[in-house]
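Asks:
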Amino acid sequence: MEAGDANLHQTDDNGDKSDEEEKEDRATQSLLNKLIRSNVVNNTNQVEVLQRDPNSPLYSVKTFEELRLKPQLLKGVYEMGFNRPSKIQENALPMMLAEPPQNLIAQSQSGTGKTAAFVLAMLSHVDPSLKWPQCLCISPTYELALQTGKVIEQMGKFYPEVKLAYAVRGHKMERGVKIKEQIIIGTPGTVLDWCIKLKLIDPKKIKVFVLDEADVMIATQGHQDQSIRIQRMLPKGCQMLLFSATFEDSVWKFAERVVPDPNIIKLKREEETLDTIKQYYVLCNSKEDKFNALCNIYGAITIAQAMIFCHTRKTANWLAGQLSKEGHQVALLSGEMVVEQRAAVIERFRDGKEKVLITTNVCARGIDVEQVSVVINFDLPLDKDGNPDNETYLHRIGRTGRFGKRGLAVNMVDSQRSMEILKTYERHFNLYKIIKRRTNDTVS
Ligand SMILES: Nc1ncnc2c1ncn2[C@@H]1O[C@H](COP(=O)(O)OP(=O)(O)OP(=O)(O)O)[C@@H](O)[C@H]1O
51 MEAGDANLHQ TDDNGDKSDE EEKEDRATQS LLNKLIRSNV VNNTNQVEVL QRDPNSPLYS
111 VKTFEELRLK PQLLKGVYEM GFNRPSKIQE NALPMMLAEP PQNLIAQSQS GTGKTAAFVL
171 AMLSHVDPSL KWPQCLCISP TYELALQTGK VIEQMGKFYP EVKLAYAVRG HKMERGVKIK
231 EQIIIGTPGT VLDWCIKLKL IDPKKIKVFV LDEADVMIAT QGHQDQSIRI QRMLPKGCQM
291 LLFSATFEDS VWKFAERVVP DPNIIKLKRE EETLDTIKQY YVLCNSKEDK FNALCNIYGA
351 ITIAQAMIFC HTRKTANWLA GQLSKEGHQV ALLSGEMVVE QRAAVIERFR DGKEKVLITT
411 NVCARGIDVE QVSVVINFDL PLDKDGNPDN ETYLHRIGRT GRFGKRGLAV NMVDSQRSME
471 ILKTYERHFN LYKIIKRRTN DTVS
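The following block contains the structure:
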């Protein structure tokens, strides 16, 4: 049947609020991204380095040995399975470990090894014989702070003299107690309290200050000012390090206020392309029809891991229920879940416990799932005004060159309107490969 004959059946039934309208939560995205990743993101783009002193030689390392790390730390690095520095680490680590300490602003996409780099720098600069806080790292949320703490614990596994304390909500401390741990990781509000109100940390004794996830940090009201207040209390000569996955103007302005005389390292994100992706569309009449079409190709899509995108939570819930009834084991990532539940879903999917993840756009935006080679647009991506959204289409389906693995995308078209939207994607991405298929065809 031609699309024009299709019933104009909307999938966003009964006034269900589009998931698009919900607030995008950058901190949650960032956390889920960390959890879903099983490996460092390699990047073939060149690292851009801007040195504070352009006359000083630029060092980069290809091995961890060249960094002359403490043996306990080198052991920790290898135990974590790191064989060689990641692209950003090649340049960032020599700068961070240099004497005298250098300040650094570093930007690269999530998963490129920033956290591991500054954790190594903090652990290297600590003097374990001194029993007070020397390194301070602030993160935007409780969960992100704990995640970074885990990396410190793993990397410092063979360096037990170095201790770590979490300055996060719920960690109640008495005023005036002296903290003996050398590394503090926390959120800005609690860290400020520990410094000013409770006087648990003497900021003048901090040697390394790390501000992680600067872009997420400034998205939260109040965090920006709190971070600057913390930074102002630190001594001259304290090493200041700032990391961000993105670099819009606001982040840049903030970074310049927090990090004086910085060296700057940037690693561009690799462009995604659709070159290696086979794209299909299926013509249907209704949501139920789309479900039947999905069942027809289910065997083919579950050879690898697949993600299915719906426009609303309601459709996602419905689809997950229907597929489960058919006996399929599927995971559902939905905006109504709390962070811990989402994290658990993501981890199970990462570990291959489920092969199919059903989700909505907002929920999955910004999450990179490299191992997914099949993407089903159960509903085509739309922006909040209901218009085609090229960027999201590309991001859902595209792959960067290095993951140039072949992939498959199936677009479900169920109305005249969605056909029009599909045409827009076709024109924009210059697609010639969208092959019309009937619902009872199987995709080969
Ligand atoms: N040199 C390395 N070799 C192998 N794996 C690495 C290396 N550096 C980091 N990793 C691993 O890659 C993943 C991403 O690293 P990391 O968390 O440091 O990146 P990131 O840039 O800080 O990302 P995010 O901002 O999301 O935390 C982690 O699983 C980490 O253990």
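Going by the numbering used here, the letters in the sequence shown line up with residues 51 to 494, in that order.
Where a beta carbon is used, it is the ideal one built from N, C-alpha and C, also for glycine.
Just so we're clear, the structure is a prediction, and the values are computed from it rather than from any experiment.
Between the C-alpha atoms of lysine 303 and tyrosine 348, what's the straight-line distance to the nearest angstrom?
Replies: 49 Å
Asks: Shortest alpha-carbon distance to glutamine 329 belongs to which of Arg319, Met462, Ala148 and Val97?
Replies: Met462
Asks: Excluding five sequence neighbours on each side, which residues of the same chain lie with their C-beta closer than 6 Å to the C-beta of phenylalanine 399?
Replies: Ala381 and Leu407
Asks: Is asparagine 313 helix, strand or coil by DSSP?
Replies: strand
Asks: Is asparagine 83 a contact residue of ligand 1, with contact defined as CB to any heavy atom under 7 Å?
Replies: yes
Asks: Is DSSP giving glutamate 420 helix, strand or coil here?
Replies: coil
Asks: Measure the alpha-carbon distance for alanine 393 versus proline 107 and round it to whole angstroms.
Replies: 43 Å
Asks: Return the Cβ separation of leucine 444 and isoleucine 471 in integer angstroms, given the expectation that the two are a contact with Cβ distance under 8 Å.
Replies: The pair is not a contact, with the Cβ atoms about 14 Å apart (cut-off 8 Å).
Asks: Distance check for threonine 113 and glutamate 140, CA to CA, integer angstroms please.
Replies: 8 Å
Asks: I'd like the ranges of any beta strand (DSSP E) spanning at least 3 consecutive residues and lying wholly in the region 325–405.
Replies: 327–333, 355–360 and 380–383
Asks: Between valine 201 and leucine 173, how many whole angstroms is the CB-CB distance? I'm expecting something under 8 Å.
Replies: Between leucine 173 and valine 201 the Cβ distance is about 10 Å, and since that is not below 8 Å, they are no contact.
Asks: With a 10 Å radius around its C-beta and 16 neighbouring C-beta atoms as the bar for buried, classify lysine 249 as buried or exposed.
Replies: Per the 10 Å Cβ criterion, exposed.
Asks: Going by other Cβ atoms of all chains shown within 10 Å of its Cβ, with 16 needed for buried, is glutamine 281 buried or exposed?
Replies: buried
Asks: Which residue wins for smallest C-alpha separation from glutamine 197, given the options Cys185, Ile235 and Leu180?
Replies: Shortest Cα-Cα distance from glutamine 197 to any of Cys185, Ile235 and Leu180 involves Ile235.
Asks: With burial defined as no fewer than 16 other Cβ atoms inside 10 Å of the residue's Cβ, what is the status of alanine 436: buried or exposed?
Replies: Looking at the sequence shown, residue 436 is not alanine but glycine. For glycine 436, the number of other beta carbons within 10 angstroms of its own is below 16, and it is reported as exposed.
Asks: With a threshold of 7 Å, establish whether the CB of asparagine 93 neighbours any heavy atom of ligand 1.
Replies: no
Asks: Candidates Tyr209, Tyr109, Ile155 and Asp177: which alpha carbon is nearest glutamate 558's?
Replies: No statement about residue 558 is possible, as the shown extent of the chain runs from 51 to 494 and does not include it.
Asks: Just tell me which of Trp244, Ala354, Leu373 and Glu224 has its CA closest to the CA of valine 496.
Replies: The chain is shown from 51 up to 494; residue 496 falls before or after that span and cannot be answered.
Asks: With a cut-off of 8 Å on the beta carbons, I'd call glycine 385 and threonine 410 a contact; round off their distance for me.
Replies: 6 Å
Asks: Does the beta-carbon of glycine 163, which I'm using as the reference point, lie nearer than 7 Å to any heavy atom of ligand 1?
Replies: At a threshold of 7 Å, glycine 163 counts as near ligand 1, since its beta carbon sits closer than that to one of the ligand's heavy atoms.
Asks: Mapping the DSSP letters down to three states, classify alanine 156 as helix, strand or coil.
Replies: strand
Asks: Could you tell me which residues DSSP puts in a beta bridge with asparagine 440?
Replies: Paired residue(s): none; asparagine 440 is not in a bridge.
Asks: Go ahead and pull the three-state DSSP assignment for glutamate 115.
Replies: helix
Asks: On a Cα-Cα basis, can you pick out the residue from Leu284, Thr296 and Ile278 that is closest to serine 80?
Replies: Thr296
Asks: In this structure, does DSSP put cysteine 187 in helix, strand or coil?
Replies: strand
Asks: Applying the criterion that 16 or more other CB atoms from any shown protein chain within 10 Å of the CB defines a buried residue, is serine 179 buried or exposed?
Replies: With a threshold of 16 other beta carbon atoms within 10 Å, serine 179 falls short and is exposed.
Asks: Name, in chain order, the residues that DSSP records as bridge partners for arginine 449.
Replies: Thr323
Asks: Under a three-way DSSP split, which group does glutamine 96 fall into?
Replies: coil
Asks: Exposed or buried, which one is leucine 100 when buried takes at least 16 other CB atoms within 10 Å?
Replies: exposed
Asks: Where do the ends of the beta strand (DSSP E) carrying asparagine 461 lie?
Replies: Segment 457–463, the beta strand (DSSP E) holding asparagine 461.
Asks: Taking 7 Å as the line, does the beta carbon of serine 136 fall inside it for any heavy atom of ligand 1?
Replies: yes
Asks: If we ignore side chains and look at the alpha-carbon of each, how far apart do asparagine 93 and lysine 247 end up?
Replies: 44 Å
Asks: Taking all protein chains shown into account, do 16 or more other C-beta atoms lie within 10 angstroms of the C-beta of arginine 76, making it buried, or fewer, making it exposed?
Replies: Around the beta-carbon of arginine 76, 16 or more other beta-carbon atoms lie within 10 Å, marking it buried.
Asks: May I have a chain-ordered list of the alpha helix (DSSP H) segments no shorter than 4 residues that lie completely inside the region 224–261?
Replies: 238–242
Asks: Measuring only the C-alpha atoms, how far is phenylalanine 167 from asparagine 313?
Replies: Contrary to the premise, residue 167 reads as alanine rather than phenylalanine in this sequence. Approximately 15 Å between the Cα atoms of the pair.
Asks: Output needed for glutamate 115: all residues of its chain with C-beta closer than 8 Å, excluding positions within five of it in sequence on either side, in chain order.
Replies: Leu124
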